[in-house]
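K.L.:
The opening residue of the sequence shown carries number 1 in full-length UniProt numbering; numbering runs sequentially from there.
Glycine included, C-beta positions come from ideal geometry on N, C-alpha and C.
These numbers were taken from a predicted model, which means no experiment stands behind them.
Please see the structure below; I have some questions.
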Amino acid sequence: MTNEQIQSCIEECMSCMLACNNCYVACLKEEDLNMMRECIRLDRECADICGFAAQAMSTGSQYMKEICQICAETCDLCATECEKHHHDHCQRCAAACSACAKACRAMIA
């Protein structure tokens, strides 16, 4: 993998982390928190893992591919959950998660 691929994936992970954090905060302000419970949980988990993946790539971790695999799987779960909700923040988060999952899978290939 090239430095450009790594940098691109780091950028996607950071974008996803920000989108998940934004979605998390916005979900907490929604009327029906019970309906948003899984979305909130996955937003937090995905943001944390995306940040960790970006850090692992930026330091050249020997576990970079394994971490990217976990990141892609977590992003898929978060995207699927966010797609269920019609809020703009959830839709933006789902798109960011899908883009991040794609970038992470390119790192593994």
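Whether or not the segment 20-39 and the segment 52-63 are in contact is what I'm after, with contact meaning three or more pairs of Cβ atoms, one per stretch, closer than 8 Å; do they touch?
P.N.:
Contact fails: fewer than three Cβ-Cβ distances are below 8 Å.
K.L.:
Excluding the 5 residues preceding and the 5 following A94 in the sequence, name in chain order all residues of the same chain whose CB lies nearer than 7 Å to its CB.
P.N.:
For this step, residue 94 is matched to residue 94 along the sequence shown. If we look at A94 and ignore the five residues flanking it on each side, its Cβ neighbours are A79, C82, E83.
K.L.:
Report all residues from its chain with a CB closer than 6 Å to the CB of residue 114; omit the five preceding and five following residues, and keep chain order.
P.N.:
With the chain represented from 1 up to 109, any question about residue 114 goes unanswered, as that position is not in the structure.
K.L.:
How far does the alpha helix (DSSP H) with G51 in it reach, from first residue to last?
P.N.:
Looking up residue 51 in the sequence shown gives position 51. Start and end: 33-58.
K.L.:
In this structure, how does DSSP classify Y24 when only helix, strand and coil are distinguished?
P.N.:
Translated into positions along the sequence shown, residue 24 becomes position 24. Helix, per DSSP.
K.L.:
Say the cut is 7 Å; is the CB of N22 nearer than that to a heavy atom of the ligand NAP?
P.N.:
The model on display carries no ligand, and the ligand NAP is accordingly not part of it.
K.L.:
What are the boundary residues of the alpha helix (DSSP H) that A98 is part of?
P.N.:
Within the sequence shown, numbered from 1, the residue matching residue 98 stands at position 98. A small correction: the amino acid at residue 98 is Ser; Ala does not occupy that position in the sequence shown. Start and end: 88-108.
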